[in-house]
Amino acid sequence: MEKTGYVDCFRLFGSPGAHSFIPAEQPIRIDYIWASQPLAQAVKSCQIWMEPPNAEASDHRPIVAEINWE
Numbered sequence: 016m017e018k019t020g021y022v023d024c025f026r027l028f029g030s031p032g033a034h035s036f037i038p039a040e041q042p043i044r045i046d047y048i049w050a051s052q053p054l055a056q057a058v059k060s061c062q063i064w065m066e067p068p069n070a071e072a073s074d075h076r077p078i079v080a081e082i083n084w085e
């Protein structure tokens, strides 16, 4: 995706060692929010949601992005 010009929103704001998939032998990040270059400029925050109860509803952690649509 990055090679085609899309931006990994979590990489803009997230910490390098964060992970979104828990059951792997070693937790890894396999979930993404991709944005076009213009939309990426409107992203205000992006994080992996670690708060219960939603963080434990699946084996994947939710990724949440805040985007300023103005």
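Take any residue in the sequence shown, note its place counting from 1, add 15, and you have its number in the numbering used here. In this text, a Cβ means the ideal position worked out from N, Cα and C, and glycines have one as well.
Query	Result
Between I37 and I48, what straight-line distance do the alpha-carbon atoms span, to the nearest angstrom?	18 angstroms
Can you name, in chain order, every residue of its own chain whose Cβ lies under 6 angstroms from the Cβ of A55, other than the five neighbours on each side?	V22
Less than 8 angstroms between the CB atoms is what I'm expecting for R76 and S35, so what's the real figure, rounded?	5 angstroms
What residue does the alpha helix (DSSP H) around A55 start on, and which one ends it?	52 to 55
What are the boundary residues of the alpha helix (DSSP H) that includes R26?	24 to 28
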